[in-house]
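Enquirer: I have a structure here, written as structure tokens, and I will follow up with some questions on it.
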Amino acid sequence: MSTTIETDLLERGPFLVELEQRLEESRVAGRLVLLGGEAGVGKTALLRRFCLLHRETARAFWGACDPLFTPRPLGPLLDIAERTGGALEESLARGAKPHEVSALLLRLLRSPSPSIIVLEDVHWADEATLDVLRLIARRVEAVPALFVASYRDDELDRSHPLRIVLGELATLSAVSRLRLPPLSPAAVGALARPHGVDAEELFRKTGGNPFYVTEVLSTGGAELPPTVRDAVLARVARLSPPAQKLLEYVAVVPTLVELSLLTRLAGEAFASLDECLSSGMLHAAGDAVAFRHELARLAVEEAIPGHRRTALHGAVLSALANSPMSDPAHLAHHAEAAGDAEAVIRYGRAAGDRAARAHAHREAAAQYARALRFADRLPPEERAELLERRAYECFLAGELDEAIEAQGRALEDRRRLGDPLKEGDSLRSLSRLLRFVGRIAEAAEVGREAVALLERLPPTHELGMAYGNLSHIFMTAEDAEGTIVWGTRALELAQRRDDVEVLVYALTNIGSVELASGSPEGRRKLERSLELAQRAGLEEPAGRAFLSLVWWPLLRLRQFDLASRYLESGLEYCSEHGLDLWRLFLLACRARLQLDQGRWAEAADSAAFVLRDPRSWPVPRIFALLVLGVARARRGDPEVWPPLDEALALAEPTGELQPISPVAAARAEAAWLEGEHEAVAQTTGAALDLALRRRVSWVIGELAYWRWRAGIKEEIPPGAAEPYAIQISGDWKRAADLWIQIGCPYEAALALADADDETGLRRSLEELQRLGARPAATIVARRLREMGARDIPRGPRASTLTHPAGLTSRELEILALMAQGLRNSEMARHLHLSSRTVDHHVSAVLAKLGVRSRTEAVAEASRRGLLAQTPQVHTEN
Amino acid sequence: MSRYIVERTFTEGLRILVTEAGAQTCLGVVDRNADLGVPWSFSYVSADKRKTLRVYDGPNPEAIRQAAQRNGLPVDHITRVTVLDPYFYR
């Protein structure tokens, strides 16, 4: 490629060195580098050069994500599998899930010599590929491999899925970020000089983007096109007519174009391939070609007149349709661009199915939507089925309004078709979605209609699920009787028909209400449900069983041991199986648990994590908002009310206790801390009535407690949970002891705030100051002053707060062991902890020190003098 | 971005020498804050050097606290503020 201007080595030396360092480290423990940079900044060129430099010592594998309207699931892994063949290729062919794919890939990389795996353009990746990336980031240290994932950092808007992944990976020790900046004016000047181009002007117009610079210079240097598009088109115009025609064919295919396909498409024009390659417009990759840069492809594609573009896509479609290897996502893309309705439906559906199997729910929903745009001509039966698939994938992707809309349209078709089994099942699905967004009354009505219709038929799986759904609705309302009545019907049907899914559904519902009421039988039912679901591969029901084992102990029993036990394993299960819905619920639970345990900084972090997720599942969002608002209120920080107001707006329309009562309690607490006692009565009244009707003792207790704190004189309501009732009755000492047993230090300190002696109040103050609870501490200090006490401490001395960057004593221990060079597994053995717990502490240490690697952590710690303060630990053996 | 004033108490008094080490201390704080998106604008220091009022721009109070923790600095109180211009009403 004689006319190509080599810019890839200019100012790229330090980046090659950095990558080389990571490669060196990866020989001991694998690394993942996230390489960001704007489009055209030379990420690919840098990585090509890097792989070339190390080709003697490291195998390289490349996989790319495609800029399709909706990407093909696991696209880059397919590219890699093509090279590796074997188990990886087989597993992808049969639609393996992300955790299987990542496990196979990592196994493949276990070899004495290191490998470089490049995942290009992951800003276009589908969800399944992102899941693989997540899993790899957590496990990569086990293999000698350097993963590099490149992405355009200027194309990530706030809700971009990759942004979430980047946030999650930020604190992992194996992961580092690298940002490739544009060229400096000096470098642009060096490039421009031989062409006699005004370097300043060139830099101004290109911003130092190597692609722009290269393109501009390649167009002849003398002329300065106002936009890169013009630059590209000007280059195209200089090619022969057959070469231009060939470029158009390549431009309508947003991926690599196989040479065999291109011969069929382009006919005689194919002879101009060499011209296109030597002009630098195209580059060859194995037996396929592509534009040297996506921006150039877009420029050429956009310049093709509409009617001609349609015809080109039609030609690509028919050429691809003849090949059994073609990806349905590609076919659907071309079919839509060609306006071929029948083909869009066929391939859109197939692409949706494939994406759904790979857990790429957003893509699946989009592919089904694409097919449905042309569904007017479909028979109602087929359309209903397509709508139902879309509704389910929308639900899993967190697009709830779209899910309800699709399910409603499916129901219309089902009613017209007059098949009671399918109509009943469709009603049940709609009921489930309505329950999920908090439209409980409508959900119950539709759910009853489903049961009534299905009961006219002999007992079916669908009827069992409809019973389970009604039971679930009663469970949501914490109506134990209704839950058990409908759950028992489901249970009987499940046993008669030997139907595991119905059995699991019923056990989870009944187990939940039993556990919430304090019966140990409930826990046994839930654990059995979990075991059955896992054994039968019922992933979603298993995720729900995990959540139930965390949710009820946390919120209705305050048994933190039980909740914690299932929290971490549940999170792991849900991450591995792509159950994002239950994962977010569990993360919201984690935030709440940390809040209750007085770990407010962590709680606010966990809550922020949930709130960053762009999907609109309401319940996890409400709980995260509350944790954030309460953590701010307790620390005396500003902006308490915006999250509490949003939570109220989300919870109020549901009319349900589960979302409404925590909102009321949180707002009452915040109002009390601000001294707005009058607001407490009004905030808590309706929720307390509801809790009394449902007889939910922890909620009754909590709301009654805030009313009492605000000076409302009323009887202790029946059923109020013990520590609250005892506190209201005046036994602050015992209440404090109970809170300590439960594991809530802030509540315990607040109980002591009622002490009538100086000793008790001083203990309360000291504890509140330790927790950083400034507003409550101010209240207690005032009481002490009123009592005539002297020398009231003003707060923790600066030296205790500045102590070790906020590291806990456990984290200090970990840091000391890190400095001694112990591996995580060795630390785990030394401290009698699980490896996972150690991993967690290590990440926390890195995050608190604001560093990315263990080496940096030790350096930073010694710089700040943290290591001197920690005792030396004697290593065993 | 909101603007916050952060009050801190240094019981021993705040001493940053006008030396290379002092400059490094301040620039270290600037760097770590920039990482978190909480740029440190400037501070007022009381005459006895025991109290500082720092002006920050940041996304939320948690980011301010996180920055303080990374820098090993105490936080007494965070207040969100806006500017009141006395000539605005003329």
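Top to bottom, those sequences are chains A and B. Each residue of the first sequence is one higher than the one before, starting from 0 at the first, in numbering that gives the first Met the number 0. Each residue of the second sequence is one higher than the one before, starting from 0 at the first, in numbering that gives the first Met the number 0. A virtual CB, placed ideally from N, CA and C, is assigned to each residue, including glycine. What you are looking at is a predicted structure, and each value in this text was computed from that prediction instead of being measured.
(1) Taking the CB atoms as reference points, tell me whether Leu432 (chain A) and Ile403 (chain A) lie closer together than 8 Å.
(2) For Glu23 (chain A), is the classification buried or exposed, using 16 other Cβ atoms within 10 angstroms of its Cβ as the cut-off for buried?
(3) Where does Thr854 (chain A) land, buried or exposed, given buried means 16+ other C-beta within 10 angstroms?
(4) Can you tell me where the beta strand (DSSP E) with Leu883 (chain A) in it begins and where it stops?
(5) Just tell me which of A:Gly510, A:Asn508, A:Ala493, A:Glu384 has its CA closest to the CA of Leu502 (chain A).
(6) Threshold first: 4 residues or longer. Then list the alpha helix (DSSP H) segments lying entirely within the segment 671-719 of chain A, N to C.
(7) Can you check which of these residues, A:Ala747, A:Ala136, A:Glu757, A:Val499, is closest to Leu770 (chain A) by C-alpha distance?
(8) Which residues of chain A have a Cβ atom closer than 9 Å to the Cβ of Pro60 (chain B), listed in chain order?
(9) Between the segment 75-86 of chain B and chain A, which residues of the former have CB atoms less than 8 Å from a CB of the latter, in chain order?
(10) May I have the straight-line CA-CA distance separating Ala797 (chain A) from Glu766 (chain A), to the nearest angstrom?
(11) When the distance is taken between beta carbons, is Leu525 (chain A) closer than 8 Å to Ser511 (chain A)?
(12) Should the segment 568-582 of chain A be regarded as contacting the segment 382-401 of chain A, the criterion being three or more beta carbon pairs within less than 8 Å?
(13) Would you tell me roughly how many angstroms separate the C-alpha atoms of Ile77 (chain B) and Val44 (chain B), rounded to the nearest one?
(14) List, from N- to C-terminal side, the alpha helix (DSSP H) runs of 4 residues or more that fit wholly inside the segment 215-281 of chain A.
(15) Quick check on the burial criterion: 16 or more other C-beta atoms within 10 angstroms. Buried or exposed for Gly437 (chain A)?
(16) From the DSSP output, in three-state form, read off His159 (chain A) for me.
(17) Output, in sequence order along the chain, the residues in the segment 590-622 of chain A whose CB is closer than 8 Å to any CB in chain B.
(18) Considering only DSSP beta bridges, list what Gly62 (chain A) is partnered with.
(19) Arg64 (chain B) CB to nearest chain C CB: under 8 Å?
(20) How long is the line joining the alpha carbons of Cys25 (chain B) and Asn823 (chain A), rounded to whole angstroms?
(21) Pop quiz: Leu386 (chain A) and Leu399 (chain A) are said to be a contact at Cβ under 8 Å. What is the actual Cβ separation, rounded to whole angstroms?
(22) Is Thr801 (chain A) helix, strand or coil by DSSP?
(23) Kindly indicate if chain A contains any beta-carbon less than 8 Å away from that of Arg69 (chain B).
(24) Provide the residue span of the beta strand (DSSP E) that contains Arg7 (chain B), from first to last.
(25) Does DSSP put Ala747 (chain A) in a helix, a strand or coil?
(26) Here's the rule: buried if 16 or more other CB atoms are within 10 angstroms of the residue's CB, otherwise exposed. What is Ile63 (chain B)?
(27) Answer with yes or no whether the minimum CB distance from Gly849 (chain A) to chain B is below 8 Å.
(28) By how many angstroms is the C-alpha of Cys275 (chain A) removed from the C-alpha of Thr2 (chain A)?
(29) Do the CB positions of Asp56 (chain B) and Arg2 (chain B) come within less than 8 Å of each other?
(30) Please state if the CB of Ala390 (chain A) and the CB of Asp366 (chain A) are separated by a distance shorter than 8 Å.
(31) Would you mind giving the Cβ-Cβ distance between Arg71 (chain A) and Ala310 (chain A), rounded to the nearest angstrom? I have them listed as a contact below 8 Å.
(32) I'd like to know if Arg809 (chain A) contacts chain B, where contact means its C-beta is closer than 8 Å to some C-beta of that chain.
(33) Pick helix, strand or coil for His76 (chain B), following the three-state DSSP scheme.
(34) Anything in chain B within Cβ reach of Arg773 (chain A), meaning under 9 Å, just list it in chain order.
(35) Of the residues A:Leu165, A:Asp120, A:Ala750, which one's Cα is nearest the Cα of Leu134 (chain A)?
(36) Between the alpha carbons of Leu281 (chain A) and Arg307 (chain A), how many angstroms are there, rounded?
Expert: Result, derived from the coordinates:
(1) Within the first sequence, residue 432 (chain A) is the residue found at index 433, counting from 1. Within the first sequence, residue 403 (chain A) is the residue found at index 404, counting from 1. Their beta carbons are under 8 Å apart, which means Leu432 (chain A) touches Ile403 (chain A) by this criterion.
(2) Taking the first residue of the first sequence as position 1, residue 23 (chain A) is located at position 24. Exposed is the call here.
(3) In the first sequence, counting from the first residue as 1, residue 854 (chain A) sits at position 855. With fewer than 16 other Cβ atoms within 10 Å, it is exposed.
(4) In the structure displayed, chain A extends from 0 to 876; residue 883 (chain A) sits before or after that span and is not available.
(5) As a position in the first sequence, residue 502 (chain A) is number 503, starting the count at 1. The candidate whose alpha carbon is nearest that of Leu502 (chain A) is A:Ala493.
(6) 676-693, 696-708
(7) For this step, residue 770 (chain A) is matched to residue 771 along the first sequence. Looking at the Cα atoms, A:Ala747 is the closest of the given residues.
(8) Locating residue 60 (chain B) in the second sequence gives position 61, where the first residue counts as 1. Here the neighbours are Ala603, Arg631, Arg634, Asp636, Pro637, Glu638.
(9) Asp75, His76, Ile77, Thr78, Arg79
(10) Indexing the first sequence from 1 puts residue 797 (chain A) at position 798. Indexing the first sequence from 1 puts residue 766 (chain A) at position 767. Residue placement at Ala797 (chain A) cannot be trusted, given a pLDDT of 42 that sits under 50; the coordinates are not used to answer.
(11) As a first step, residue 511 (chain A) must be located in the first sequence, where it is residue number 512. As a first step, residue 525 (chain A) must be located in the first sequence, where it is residue number 526. Yes, Cβ-Cβ distance for Ser511 (chain A) and Leu525 (chain A) is below 8 Å.
(12) yes
(13) Numbered from 1 along the second sequence, position 78 holds the residue referred to as residue 77 (chain B). Numbered from 1 along the second sequence, position 45 holds the residue referred to as residue 44 (chain B). Between Ile77 (chain B) and Val44 (chain B), the C-alpha separation is close to 16 Å.
(14) 227-236, 240-251, 258-265, 272-277
(15) Reading the first sequence from its first residue, position 438 is the one you call residue 437 (chain A). Gly437 (chain A) comes out buried.
(16) Locating residue 159 (chain A) in the first sequence gives position 160, where the first residue counts as 1. Here His159 (chain A) sits in coil by DSSP.
(17) Ala600, Ala603, Asp604, Ala607
(18) Stepping through the first sequence from its first residue, residue 62 (chain A) is reached at position 63. For Gly62 (chain A), which the question treats as bridged, DSSP gives the partners A:Leu118.
(19) Reference to chain C is not applicable here, since the protein chains of this structure are A and B.
(20) Numbered from its first residue, the second sequence carries residue 25 (chain B) at position 26. Numbered from its first residue, the first sequence carries residue 823 (chain A) at position 824. The straight-line gap from Cα to Cα measures roughly 34 Å.
(21) One-based indexing of the first sequence puts residue 386 (chain A) at position 387. One-based indexing of the first sequence puts residue 399 (chain A) at position 400. About 15 Å separates the two Cβ atoms, so there is no contact after all.
(22) Your numbering for residue 801 (chain A) matches position 802 in the first sequence. Confidence in Thr801 (chain A) is poor, its pLDDT being 44 and thus under 50, which makes the residue's placement too unreliable to answer from.
(23) Counted from its first residue, the second sequence places residue 69 (chain B) at position 70. Chain A, which has a Cβ nearer than 8 Å to the Cβ of Arg69 (chain B), makes this yes.
(24) Along the second sequence, one-based indexing puts residue 7 (chain B) at 8. Counting along the chain, the beta strand (DSSP E) containing Arg7 (chain B) begins and ends at 1-8.
(25) Within the first sequence, the letter at position 748 stands for residue 747 (chain A). Helix, per DSSP.
(26) As a working note, residue 63 (chain B) is residue 64 in the second sequence. Ile63 (chain B) should be labelled buried.
(27) Residue 849 (chain A) sits at position 850 when you count from the first residue of the first sequence. It does: the Cβ of Gly849 (chain A) has a partner Cβ on chain B nearer than 8 Å.
(28) As a position in the first sequence, residue 2 (chain A) is number 3, starting the count at 1. As a position in the first sequence, residue 275 (chain A) is number 276, starting the count at 1. Note that Thr2 (chain A) scores 34 on pLDDT, short of 50, meaning its location in the model is unreliable; the coordinates nonetheless yield the value given after this. Straight-line Cα distance between these residues: approximately 12 Å.
(29) If you number the second sequence from 1, residue 56 (chain B) lands on position 57. If you number the second sequence from 1, residue 2 (chain B) lands on position 3. A contact, by the Cβ cut-off of 8 Å.
(30) In the first sequence, the residue the question calls residue 366 (chain A) occupies position 367. In the first sequence, the residue the question calls residue 390 (chain A) occupies position 391. Correcting the residue type first, residue 366 (chain A) is Gln in the shown sequence and not Asp. In this structure, Ala390 (chain A) does not lie closer than 8 Å to Gln366 (chain A) by Cβ.
(31) Counted from its first residue, the first sequence places residue 71 (chain A) at position 72. Counted from its first residue, the first sequence places residue 310 (chain A) at position 311. With a Cβ gap of about 24 Å, Arg71 (chain A) and Ala310 (chain A) do not count as contacting.
(32) As a working mapping, residue 809 (chain A) is identified with position 810 in the first sequence. Cβ-Cβ to chain B under 8 Å: no for Arg809 (chain A).
(33) If you number the second sequence from 1, residue 76 (chain B) lands on position 77. DSSP places His76 (chain B) in strand when its eight states are reduced to three.
(34) Residue mapping note: residue 773 (chain A) aligns to position 774 of the first sequence, counting from 1. Under the 9 Å cutoff, chain B gives Asp75, His76.
(35) Here residue 134 (chain A) refers to the residue found at position 135 of the first sequence. The shortest Cα separation from Leu134 (chain A) among A:Leu165, A:Asp120, A:Ala750 belongs to A:Leu165.
(36) By one-based count along the first sequence, residue 281 (chain A) stands at place 282. By one-based count along the first sequence, residue 307 (chain A) stands at place 308. Roughly 21 Å separates the two Cα atoms.
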